[in-house]
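Participant:
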Amino acid sequence: MAVAPIKLTQEINDIELVAHFNSARRSERLLLLERLENKLAKLNQSVFSKEEVFKELSRWISEIKTIANSSTENKEAK
């Protein structure tokens, strides 16, 4: 199987591959929004103050960033 060289121009090499990448990005964004929605629903059911909600969301965002930047295979552990 031959592999075509990557061009250093603005030309798109593989339209189908780009479409798959875009679809994957969209899926990741939707998944993250769904997780945020679930987190907010859980926080809404609790008796946290506004400040505690923001603190918890900040902690959760930091945790998600750490997971996203890790090199582990299973990033859906949480």
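Going left to right, the sequence shown walks through residues 239 to 316 as the numbering used here numbers them.
Glycine is no exception: its CB is placed at the ideal position from the N, C-alpha and C atoms.
Quick one: grab the DSSP three-state call for F259.
Facilitator: Numbered from 1 along the sequence shown, position 21 holds the residue referred to as residue 259. The answer is helix: DSSP assigns F259 an H, G or I state.
Participant: I think F286 touches E294, with their Cβ atoms under 8 Å apart; what is that distance to the nearest whole Å?
Facilitator: Counted from its first residue, the sequence shown places residue 286 at position 48. Counted from its first residue, the sequence shown places residue 294 at position 56. Rounded, the Cβ-Cβ distance is 7 Å, consistent with contact.
Participant: Helix, strand or coil: which one does DSSP assign to F292?
Facilitator: By one-based count along the sequence shown, residue 292 stands at place 54. F292: helix per DSSP, three-state reduction.
Participant: What three-state label does DSSP hand S308 in the structure shown?
Facilitator: Working through the sequence shown from its first residue, we reach residue 308 at position 70. It is coil, neither helix nor strand.
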